[in-house]
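Participant: Note that the protein sequences, when read in sequence, are chains A and B. Using the working numbering, the letters of the first sequence map in sequence onto residues 1 to 75. Using the working numbering, the letters of the second sequence map in sequence onto residues 1 to 478. Where a beta carbon is used, it is the ideal one built from N, C-alpha and C, also for glycine. In this text, all values refer to a predicted model and were calculated from it rather than measured experimentally.
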Amino acid sequence: MTEPAVAVGTPPTSPQHVAILLQHAHLNLPQAYLDELIDAYAYVERMVGRIRRGRQHADEPAYVFHPTVFDTSGV
Amino acid sequence: MTSDPTFLALAQASRMIAAKTLSPVELTEACLARAAAVDGILCSVITPTPELAMAQARQAETGIHRSGPVSAMHGIPYTLKDIYETAGIRTTAQSRSLSDYVPTRDCHAQTALAGAGGVLVGKTTTWEFAHGGPSWDVVAPPARNPWDTTRTPAGSSSGSGAAIAAGLCLASMGSDTGGSIRMPAAVCGLAGLKPTYGRVSRRGILPNCFSHDHAGPMAWTSEDLAIMLELISGHDPLDPGCANVPVADYCAALTGDISGLVIGVPWDWIDTQYPVSVDNRRAFDDALDVMRGLGANVRPITLPPILQYNDSKRVIAMSELFSIHEPVLRTRPELFGAMLRYRILSGSLLRAEDYVQAMRLRAELATAMQAAFREIDVMVLPCTEPAGLLQATPPETMFDSPSWTAPFNSSGNPALSICNGFNSGGMPFSLQIAGRLFDEATVLRVGDAYEKATQWRERRPNIAELERQASMTETAIA
Chain A
1 MTEPAVAVGT PPTSPQHVAI LLQHAHLNLP QAYLDELIDA YAYVERMVGR
51 IRRGRQHADE PAYVFHPTVF DTSGV
Chain B
1 MTSDPTFLAL AQASRMIAAK TLSPVELTEA CLARAAAVDG ILCSVITPTP
51 ELAMAQARQA ETGIHRSGPV SAMHGIPYTL KDIYETAGIR TTAQSRSLSD
101 YVPTRDCHAQ TALAGAGGVL VGKTTTWEFA HGGPSWDVVA PPARNPWDTT
151 RTPAGSSSGS GAAIAAGLCL ASMGSDTGGS IRMPAAVCGL AGLKPTYGRV
201 SRRGILPNCF SHDHAGPMAW TSEDLAIMLE LISGHDPLDP GCANVPVADY
251 CAALTGDISG LVIGVPWDWI DTQYPVSVDN RRAFDDALDV MRGLGANVRP
301 ITLPPILQYN DSKRVIAMSE LFSIHEPVLR TRPELFGAML RYRILSGSLL
351 RAEDYVQAMR LRAELATAMQ AAFREIDVMV LPCTEPAGLL QATPPETMFD
401 SPSWTAPFNS SGNPALSICN GFNSGGMPFS LQIAGRLFDE ATVLRVGDAY
451 EKATQWRERR PNIAELERQA SMTETAIA
């Protein structure tokens, strides 16, 4: 059985923490856009929290690499 | 049948052109005249191409008189959503970041449709990069719904839906990442098909979300879509997502016979998890009765929670969206409309692990969907609710609410939207028919059989009223 990434009732990330994450991403936004992002991140975090974790090691993601599709030498 | 050529279904017009009872030149002139008369209020076309259209129409007429039509699209006016690249024709994606972008090559769909003798009358408005909208702070205002101009034509292929419904063209190409072909088709009273992922090449289409983007046709009927799908399908090695799977004879599949087919209905989605409105449920029940009357067997099916499909899709979509638009976001964020910018920003702090875990969830959900299709031939469910008012929506509303369309973007299965009635306000209801992977033939057969058994396809919007509103708009501007 897999579990949500974030336990129910966990408080959202603080604006200060979002600002640190943005610094790590080297994303320097005007204050107005930073406010938009802080607002949005609470929703993103909740949505990501609903994506279950704890899968079997061998559970592959939907993206499976087919190397032949990138060989366009004959086109 | 309508006497107005702009309101013919593609298949009807095609038969008349082949019989030389309809002139491609006169049909194109009528569509261009309609655009001049009503698009001031509808805003469905961002870049009209009248000179090209008339040249193509004259060429089609000459060719058909000489040796007959080369395809069922020969001489048919169509439009392309403005994320489809067209050589020498501006392609903006409705974004100020591409307001002057003129591609040097045609996309796959334009090559196929023009090669089949189609007549391109213009590029249609979209939500910015087929993602965020409706918006008023982008290169052009959003399209309006021809059935009621105070209402939305939905998105993101909004201009395509509005243009067909108002008779500016007989068909259009849209794109569908979470429902963007099916929902505009639905609320504009049309048919729209999201083919199987990989069925139609996306080469030359500006991306929204690589792993969920689908190209597909919009028109009045399932038969129209079958005609277009045959022309645009097939393996294209220049789209790495395109599948090398044989293309069926979709028109031949439209037998009208669905007796014995097993139709699955995900009642838990419709009644409990994302409840349908009372009126829409009544229209849906009536449609199921029609299908039972045609000999189909209807049975319930169970699927994973609908919100899981949407969560998986959105985490993946926002991650891919950010990766596409990151350079402009870093340097000129003001070039994006507020709605799209909010969504790109939302993807900026997603981690690689979030993306991979969403992809692992997608694998689980797609597996469950294919398992369900081993028990049934098609799945039927509502597509969306009738059109609401055209107004800005809070961007955060997308995060927590599901849709009935996105699960088939996650799973890759083909899904068709058709009209199944009208509400008391005259706005269309819609029905969604999904099928097994690469089995568009059965999906279209069910849609066609339903359309032939009902009268909904005969209705058209009130053009005189649209002309009146457009003239008032012009007077106000003057």
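#1: Using three-state DSSP, classify B/Val265 as helix, strand or coil.
#2: Tell me the DSSP bridge mates of B/Asp148?
#3: Less than 7 Å between CB atoms is the rule here; does A/Asp59 satisfy it with respect to chain B?
#4: Quickly, what does DSSP pair B/Val119 with across the bridge? List them, please.
#5: To which residues does DSSP link B/Arg34 through a beta bridge?
#6: What would DSSP say about B/Ser525, mapped onto helix, strand or coil?
#7: Which class does B/Lys452 belong to by DSSP, given the choice of helix, strand or coil?
#8: For A/Met1, which three-state DSSP category applies?
#9: Between B/Gly241, B/Gly133, B/Ile227, which has its C-alpha nearest A/Thr72's C-alpha?
#10: So which of B/Gly118, B/Ser175, B/Glu51 has the shortest CA-CA distance to B/Ser71?
#11: Can you pull out the residues from the segment 398 to 411 of chain B whose beta carbon lies closer than 9 Å to at least one beta carbon of chain A?
#12: For the segment 328 to 351 of chain B, which residues have a CB atom closer than 9 Å to at least one CB atom of chain A, in sequence order?
#13: Considering only DSSP beta bridges, list what B/Asn297 is partnered with.
#14: Looking at the structure shown, is B/Gln391 part of a helix, part of a strand, or coil, going by DSSP?
#15: Check the C-beta distance from B/Ser158 over to B/Trp127 and give it rounded, since I have them as a contact under 8 Å.
#16: Given B/Phe7, which residues of its chain have a CB within under 6 Å of its CB, disregarding the five upstream and five downstream residues?
#17: Give me, in chain order, the residues of the same chain whose beta-carbon lies closer than 7 Å to that of B/Ala406; leave out the 5 immediate sequence neighbours on both sides.
#18: Between which two residues does the beta strand (DSSP E) containing B/Asn208 stretch?
#19: Does any residue of chain B have a CB that is nearer than 7 Å to the CB of A/Ile51?
#20: Consider the Cβ of B/Leu10: report whether some Cβ of chain A lies at a distance smaller than 7 Å.
#21: Beta strand (DSSP E) containing B/Leu416: first to last residue?
#22: Between B/Leu229 and the rest of its own chain, which residues show a CB-CB distance below 7 Å, the 5 nearest in sequence each way excluded?
#23: Helix, strand or coil for B/Gly40, going by three-state DSSP, please let me know.
#24: Quickly, what does DSSP pair B/Ile17 with across the bridge? List them, please.
#25: Would B/Pro240 pass as an interface residue toward chain A - the criterion being a Cβ-Cβ separation below 7 Å?
#26: Are the C-beta atoms of A/Gln16 and some chain B residue less than 7 Å apart?
#27: Would you verify that the beta carbon of A/Ala62 is, or is not, closer than 7 Å to some beta carbon of chain B?
#28: If you draw a straight line from the alpha carbon of B/Leu10 to that of B/Ala116, how long is it in whole angstroms?
#29: With a threshold of 8 Å on Cβ separation, who are the neighbours of B/Ser411 within its own chain once the five nearest residues in sequence on each side are excluded?
#30: For B/Ala185, which residues in the same chain have their Cβ closer than 7 Å to its Cβ, ignoring the five residues on either side in sequence?
#31: Kindly list the residues whose CB is nearer than 6 Å to the CB of B/Ala387, restricted to its own chain and excluding five residues on each side of it in sequence; keep chain order.
#32: What is the DSSP secondary structure of A/Ile51, reduced to helix, strand or coil?
#33: Kindly provide the ranges of any beta strand (DSSP E) runs that are 3 or more residues long and lie completely inside the segment 58 to 112 of chain B, ordered along the chain.
#34: Determine which residues of the segment 220 to 239 of chain B have a Cβ less than 7 Å from any Cβ of chain A, and write them out in chain order.
#35: Quick check on B/Glu128: does DSSP put it in helix, strand or coil?
#36: Would you mind listing the alpha helix (DSSP H) stretches within the segment 221 to 257 of chain B that are 4+ residues and don't spill past its ends, in chain order?
Facilitator: For this structure:
#1: Looking up residue 265 of chain B in the second sequence gives position 265. It is a strand residue.
#2: The residue you call residue 148 of chain B lines up with position 148 of the second sequence. Looking at the DSSP output, B/Asp148 shares a beta bridge with B/Asn145.
#3: Taking the first sequence and counting its residues from 1, the one referred to as residue 59 of chain A is at position 59. Interface residue, yes.
#4: Here residue 119 of chain B refers to the residue found at position 119 when the second sequence is read from its first residue. In the DSSP output, where bridge partners are listed per residue, B/Val119 has B/Pro77.
#5: Translated into the one-based positions of the second sequence, residue 34 of chain B becomes position 34. Residue pairing by DSSP places B/Arg34 opposite no residue, since no beta bridge is assigned to it.
#6: It is not possible to answer for residue 525 of chain B, since the shown part of chain B is limited to 1 through 478.
#7: As a working note, residue 452 of chain B is residue 452 in the second sequence. Note: B/Lys452 maps to helix in three-state DSSP.
#8: Residue numbering aside, residue 1 of chain A sits at position 1 when the first sequence is read from its first letter. Residue placement at A/Met1 is flagged as unreliable, the pLDDT there being 42, under the threshold of 50; a coordinate-derived value is accordingly withheld.
#9: On the first sequence, position 72 is the one that residue 72 of chain A refers to. Sorting B/Gly241, B/Gly133, B/Ile227 by C-alpha distance to the C-alpha of A/Thr72 places B/Gly241 at the top.
#10: Residue 71 of chain B sits at position 71 when you count from the first residue of the second sequence. The option with the nearest alpha carbon to B/Ser71 is B/Gly118.
#11: Near chain A, meaning a CB-to-CB distance below 9 Å, the residues of the segment 398 to 411 of chain B are Met398, Phe399, Asp400, Ser410.
#12: For the segment 328 to 351 of chain B, which is checked against every Cβ of chain A, the residues closer than 9 Å are Leu329, Arg330, Pro333, Glu334, Ala338, Arg341, Tyr342, Arg343, Leu345, Ser346, Gly347, Ser348, Leu349, Leu350, Arg351.
#13: Reading the second sequence from its first residue, position 297 is the one you call residue 297 of chain B. In the DSSP output, where bridge partners are listed per residue, B/Asn297 has B/Val262.
#14: For the purposes of this step, residue 391 of chain B is taken as residue 391 along the second sequence, with counting starting at 1. Residue state, collapsed to three classes: coil.
#15: Looking up residue 158 of chain B in the second sequence gives position 158. Looking up residue 127 of chain B in the second sequence gives position 127. Going by Cβ atoms, the distance from B/Ser158 to B/Trp127 rounds to 7 Å, so yes, they are a contact pair.
#16: Taking the second sequence and counting its residues from 1, one reaches residue 7 of chain B at position 7. Same-chain partners within the cutoff: Gly167, Arg460.
#17: Here residue 406 of chain B corresponds to residue number 406 of the second sequence, with the count starting at 1. Closer than 7 Å at the Cβ level, and outside the excluded window around B/Ala406, lie Gly178, Gly179, Tyr309, Asn310, Lys313.
#18: Translated into the one-based positions of the second sequence, residue 208 of chain B becomes position 208. Unbroken run through B/Asn208: none, as it is neither H nor E.
#19: As a position in the first sequence, residue 51 of chain A is number 51, starting the count at 1. Answer yes: the Cβ-Cβ gap between A/Ile51 and chain B drops below 7 Å somewhere.
#20: By one-based count along the second sequence, residue 10 of chain B stands at place 10. For B/Leu10, the nearest beta carbon of chain A is not closer than 7 Å to its own beta carbon.
#21: As a position in the second sequence, residue 416 of chain B is number 416, starting the count at 1. Residues 415 to 422.
#22: Here the question's residue 229 of chain B lines up with position 229 in the second sequence. The beta carbon of B/Leu229 sits closer than 7 Å to those of Leu193, Pro195, Pro217, Tyr250, Glu440, all from its chain and outside the five residues before and after it, given in chain order.
#23: For the purposes of this step, residue 40 of chain B is taken as the residue at position 40 of the second sequence. The DSSP-derived three-state label of B/Gly40 is helix.
#24: Counting from 1 along the second sequence, the entry for residue 17 of chain B is found at position 17. Answer is none; B/Ile17 lacks a bridge partner.
#25: Stepping through the second sequence from its first residue, residue 240 of chain B is reached at position 240. Yes, because at least one Cβ of chain A sits closer than 7 Å to the Cβ of B/Pro240.
#26: Walking along the first sequence from the start, residue 16 of chain A turns up at place 16. By this cut-off, A/Gln16 is not an interface position.
#27: Taking the first sequence and counting its residues from 1, one reaches residue 62 of chain A at position 62. When Cβ-Cβ separations below 7 Å define contact, A/Ala62 makes contact with chain B.
#28: The residue labelled residue 10 of chain B in the question sits at position 10 within the second sequence. The residue labelled residue 116 of chain B in the question sits at position 116 within the second sequence. Computed Cα separation, rounded: 14 Å.
#29: Walking along the second sequence from the start, residue 411 of chain B turns up at place 411. Closer than 8 Å at the Cβ level, and outside the excluded window around B/Ser411, lie Tyr309, Leu365, Ala366, Met369, Gln370.
#30: The sequence position of residue 185 of chain B within the second sequence is 185, counting from 1. Closer than 7 Å at Cβ, skipping near neighbours: Gly161, Ala191, Gly192, Met218, Ser417.
#31: Position 387 of the second sequence holds residue 387 of chain B. So the list reads Asn145, Arg151, Thr152, Val187, Met427, once near-sequence residues are dropped.
#32: For the purposes of this step, residue 51 of chain A is taken as residue 51 along the first sequence, with counting starting at 1. Coil.
#33: Unbroken beta strand (DSSP E) stretches of 3 residues or longer found wholly inside the segment 58 to 112 of chain B: 77 to 81, given in chain order.
#34: If you check each beta-carbon in the segment 220 to 239 of chain B against every beta-carbon of chain A, the ones closer than 7 Å belong to Pro237, Leu238.
#35: Numbered from its first residue, the second sequence carries residue 128 of chain B at position 128. Under the three-state reduction of DSSP, B/Glu128 is assigned to strand.
#36: Taken in chain order, the unbroken stretches of alpha helix (DSSP H) that lie wholly in the segment 221 to 257 of chain B and span 4 residues or more are 222 to 232.
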